[in-house]
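Residue numbers (my numbering), protein chains in the order written: chain F, 725 to 1183; chain G, 2 to 411; chain Z, 10 to 303. Quick notes on the structure that follows.
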Amino acid sequence: MEDINVSKELKNDKSLFFNALKKGNLITKLSFIIMGLGCILRGQIVKGLIFLALQVSFIVYILNSGWYYLSNLPTLGKEVQRQVWNEELQIYEYKPGDNSMLILLFGVVTIFAIGAIILMYVKSVKESYNCELIRKAGNRPPTFKDDVKNLFDKNFHKTLLTLPAIGIILTVIMPLIFMILMAFTNFDKTHQPPGKLFTWVGFENFKNLFFSNSKMSGTFVKILIWTFVWAVFATFSNYLLGMILALLINKKGIKFKGFWRTIFVLTIAVPQFVTLLLMSRMFQDVGPINILLQKLGLTSQAIKFITDGTNAKIFVIIVNMWVGIPYTMLITSGILMNIPEDLYESAKIDGAGPVTAFMKITLPYMLFVTTPYLITQFVGNINNFNVIYLLTGGGPNSLNYFQAGETDLLVTWLYKLTVNEQNYSLASTIAIIIFVISATLSLIAYNRSASVQKEDTFQ
Amino acid sequence: MLKNSKKAMALLLTAAMSTTLLAGCGNKKDDNAKSDNKGGSKKVSLKVWGAQDDQALLKEMVESFKEAHKDKEYDISFGVVSEADAKGKVLEDPAAAADVFAFSNDQIWDLYNAGALYEITRNKDQIISANSEGSIEAATIDGKLYAYPMTADNGYFLYYDKSVVSDEDAKTLDGILAAANKANKKVFMDVSNGWYIASFFLGAGCTLSIKDGKQVCDFNNEKGLKAAEAIKAFTADKAFMTGDANEVLPGGIGDTIAAGVCGTWVADAIKEKLGDNFGAAKLPTFTCGGEQVQMGSFAGYKLVGVKAQTKNPVEAMELAEWLTNEQNQLLRFQKRAMGPSNVKVAESAEVKANLPLAALAEQSKFATSQKDVLNSYWTPAEAFGTAMEAKDYSKSLQEQLDEMVAQIQQ
Amino acid sequence: MIDKNKSNKNIKTGYGMRTKIANAIIYVILTVLALIWIFPLVWLILQSFRAEKGAYTTYILPKNYTFNNYIKLFTETDLFNYPRWFMNTLVVAIFTCILSTLMILGTSYTFSRLRFKSRKPMMNVALILGMFPGFMSMTAVYHILKSLQLDQSLIALVIVYSGGSALGFMISKGFFDTIPKALDEAATIDGATKSQIFWKITLPLSKPIITYTVLTSFLAPWVDFIFVSVIMKDNYQNYTIALGLYQMLTRENVNAYFTQFCAGAVLVAIPITILFIYMQKYYVEGITGGSVKG
């Protein structure tokens, strides 16, 4: 129904904003000052009012607190907590100072708010100009009702993504930026708010990390290798064995499928930290398993499951299998059920045995669906703090490592080195390095995988 | 067309605006309020943090505090934060922290560095003279007092089964080992734990100190080497047993364990198991370079601090002082068997009659303050202990000690 | 048609014996595995019925059995308010489950089916967002929630648990990718909006993956004790079960409360197991098989 000329101009989104500046009439130009004005006066009242409300609340926020955080961001606070002697009461009175951490955090929040308002601003101007153009062409601009209807069809992706996007920005992205920025400060034990301030130090933390401590680098390499080995074993053992288990249960002719699945799911029903703590107790040198083995006469001395370095490494991988296979079994079960039966039937008619069917039908199908999952699992295992920390605490501690033990991953080592010392800036620095490595590897693997390349053509 | 949707939208807008306004207001720098302590403020609200098991006792003490200070109206609320978690919780969000909180003394440096502790200046001399020297030292930094001592029982000593180990045997480590071996039982000590293993080194005369913010450790000198030899001999003995002291010792004593080292928190469990055979004494002496040397230990205290950002400093200090005064330390001992730091209470007959506390008091004569131990000490010490427990002699003792000290002093 | 039946019959009798043996072997394997998996849980249950106190025992089977540990959980609530924590966690879990599932499925459907400009970049970003090992993010989230006046509340927990859940869309997206596009196209021709396709066609076909998503989102609040510790701080009454149970393991408490801890852990497993049993029926096979032809 739209005029073709108008739609051409509307589609050219980027220039829309500047055209509004150049060619728009008075009302549109006023929309640069009062957001949404054009919309209100031209029939898109609701949309316009929303823009206006956003503008007002933003201004209120800046006046209230945003300005304080923003202005202090470059220095992260100037006033230190001071004390003044009060003779009458015989005490020191403390005058609160600036809190560097809160300034950093809410400075980031304010910057996000500014970013958001700029987006809204540009959009509001575009919309105002839009209305003007549509009016010029003699049509009525889409009403609120039309917009809402679109949200459920053409723009459905916007509807579905709104709530998740808000959630992610609030709980993931803003804290993430906050932590990344922290690596460029000197937030450590001697610079703790509220008593002390911390400030920007640029790349000094990175420099220190690489050049000051030679003892650390040897340990870093050893731990890096183990982290990688662990991630590979943990991820693939869980995946393959889980899939095989799912296949076993799923097979035609096996009864009580629900029963078998429930038994394995029981193990994830009990909180992980309980089962992990239990495991670490059960396999102690003086724990029940060893007592049982000795009573049964199978061994004369206690088997050092946890206190021996190599044993401990095998131990954590096996226990991790115990913890993780029920999950992978569930996932693969669900996907297996989705594989069309006819594929298998035609394979059987062609004379394929079960193994061939597995390799040529099941495996490729599963890999297609779950490659992104595998990648996330792999990286997740690189950062798998819980399992290692609760099972062995990263131990057994050894003097061959710098402040670390033989089952320590990079993250648990990071935790011991820095969070116990409250050296948050160093923690963030190391975390960034880990992150860069993981992210690069994942992006490469993900984008080259079949999942992405054959996304639309799988069937 | 527009009328109904207009109304609905107006409501939505108001809601949207108010939420953003709330967020805006909440962000406001709210710790700018001046502390209103010109004395005579009508209602004083304070928050107190204590461990969960302490809550009932705290409530009782607060009631008596209100009784004794009828001139002001108090609104005192409670929160559950154990002493071990106090530092973490305070520093996470000082604004939300309690005005008065209990913490373990090894957290005092971090709290002080973060400017979270109020310097104690009222009745300072009284407090110093009323409490034991060790506890005051633990609460003092740079000559200034930053907390009120509450308990003095965060140390360790020897528990033993009298039916296996006689009082005479319990005086020396060799005696204990001999008695245990005769009865085919074990002697328990968590050597792969920096807290316990220090007893050998400290006893032998080694020291831990802080210089320029870094840890200085001399565990690898001659004395340290002799102590290490003793540790090696101990862990190599047939009767040696290790594990988690809080669980394995009370679980196995009377059964497979004849004696072990731990603190007061397992006293009840052990008493239940051993009954009349319950024995507690200071740590024994051990053979160090051929001589008998008394084992040392770490001394720990629980302190009560006042938050530096509190809005009612005077009242908070009064409350903190009240919670740790002589009368209440006695009450704490009676109700929860916690060892007092108050000198008079500690000298009382009741406290002296409590076996574990008496043993601890005996041992504290040989104890070192944990204040000068930095975080870098624990892992390497544990690693050394682990190697000893695993009987890993691939490197010489001196080498291992040097390695340990190098890592500690980083 | 008749030919196929005949050849099927032949194949069946030929394979009959082999299948029976194969199945028998599989049953044995499954039984062995099930025993291995159950063993720690059996240990846990045994401990929860143990009458003797203490965390460490020199023997395997309890000497005396008792229900006391369970009873005490509900009667001695001044120290550990188990019933209240249980309800807290249940409420948080239900809301988190609903919210998370909607968000995850919505996100994965969007990335799988809908095409828009920033789709690929967004997927890449989402992939790597979860890779930053973050300890301080909890403090940041706490302060952000505090500025919205939500700190120390159960609502805060729901937000924390479901906020970033959409990042876990990988599996569901992979699943949606395998649903034939022909279905969507047929529906669009019939005049359905994208929204209707999502609710009425795609979701009913995705029951297994919905089950998985529901189960894991429901599970999260029961097992987390790190986030809740940061959010709740000293608000003891609002603790969730994981944090509450964890308190039983401090050195002062462990000897007296270990068996109760085990009992508490066993009770936690019950709602989750019930949920799973209920959702079992959605693990039905081969649904997509006939729907395209129909």
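All C-beta atoms in this analysis are idealised placements derived from N, C-alpha and C, irrespective of residue type, glycine included. Source: prediction; values computed, not measured.
By alpha-carbon distance to residue 285 of chain G, the top candidate from G:260, G:265, G:313, G:266 is G:260. Beta-bridge annotation (DSSP): residue 141 of chain G is paired with G:146.
In the DSSP secondary-structure assignment, residue 260 of chain G is bridged to G:161, G:188. By the neighbour-count criterion, in which a residue is buried when 16 or more other Cβ atoms sit within 10 angstroms of its Cβ, residue 86 of chain G is buried. Between the alpha carbons of residue 880 of chain F and residue 218 of chain Z lies a distance of about 22 Å. Assigned with DSSP and collapsed to three states, residue 86 of chain G falls in coil, not helix or strand.
In the structure shown, residue 245 of chain Z falls within a helical segment according to DSSP collapsed to helix, strand and coil. With a 10 Å radius around the Cβ and a threshold of 16 neighbouring Cβ atoms, residue 261 of chain Z comes out buried. Residues of chain Z whose Cβ lies closer than 8 Å to the Cβ of residue 371 of chain G do not exist; the shortest such Cβ separation is about 16 Å. Here the C-alpha atom of residue 176 of chain Z lies approximately 46 Å from the C-alpha atom of residue 74 of chain Z. Annotation for residue 788 of chain F: no beta strand (DSSP E) segment contains it, and DSSP assigns it neither H nor E. For residue 1038 of chain F, the enclosing alpha helix (DSSP H) stretches over residues 1033-1060.
Residue 63 of chain G places its beta carbon less than 8 Å from that of residue 77 of chain G. Taking 8 Å as the CB threshold, residue 161 of chain Z stays off the interface with chain F.
Given a length threshold of 4 residues, each whole run of the alpha helix (DSSP H) inside the stretch 886-945 of chain F is given here in chain order: 898-906, 928-935. For residue 1001 of chain F, no CB of chain G lies under 8 Å from its own CB, so it is not counted at the interface with that chain.
Where residue 806 of chain F is concerned, the enclosing beta strand (DSSP E) starts and stops at 806-810. Here residue 104 of chain Z really is in contact with residue 167 of chain Z; their C-beta atoms are around 5 Å apart, less than 8 Å.
Judged by DSSP in its simplified three-state form, residue 995 of chain F adopts coil rather than helix or strand. Excluding five sequence positions before and after residue 996 of chain F, the CB atoms of its chain that fall closer than 7 Å to its own CB belong to 1047, 1110, given in chain order.
Here residue 978 of chain F has 972, 984 as same chain residues with Cβ atoms under 8 Å from its own Cβ, once five neighbours each way along the sequence are excluded. In chain order, 1010 make up the part of chain F whose C-beta sits under 7 Å from the C-beta of residue 249 of chain G.
Ranking G:209, G:194, G:51 by CA distance to the CA of residue 1122 of chain F puts G:194 first. Counting of Cβ neighbours within 10 angstroms places residue 94 of chain Z among the buried residues, the total reaching 16 or more.
CA-to-CA, the gap between residue 79 of chain Z and residue 273 of chain Z works out to about 7 Å. DSSP places residue 877 of chain F in the coil class of the three-state scheme, outside both helix and strand. Within the stretch 915-932 of chain F, those residues whose Cβ lies closer than 8 Å to any Cβ of chain G are, in chain order, 916, 917, 918, 919, 920. Flagged as an interface residue toward chain G: residue 64 of chain Z, by a C-beta distance shorter than 8 Å. For residue 212 of chain G, the enclosing beta strand (DSSP E) has its first and last residue at 209-212. For a Cβ distance threshold of 8 Å, residue set 179, 180, 183 of chain Z lies close to residue 1097 of chain F, ordered along the chain. Against chain G, the CB of residue 1144 of chain F has a partner CB under 8 Å away; the residue lies at that interface.
Contact between the stretch 883-893 of chain F and the stretch 219-235 of chain Z is not established, with fewer than three Cβ pairs separated by less than 8 Å. Using a Cβ-Cβ cut-off of 9 Å, residue 1033 of chain F is close to nothing in chain Z; its nearest Cβ partner there is about 24 Å away. Listed in chain order, the positions of the stretch 864-895 of chain F with a beta carbon within less than 7 Å of a beta carbon of chain Z are 876, 877, 880, 881, 884, 885, 887, 888, 891, 892, 894, 895. In the structure shown, residue 951 of chain F falls within a helical segment according to DSSP collapsed to helix, strand and coil.
Burial check for residue 1084 of chain F: the Cβ neighbour count within 10 Å stays below 16, so the residue is exposed.
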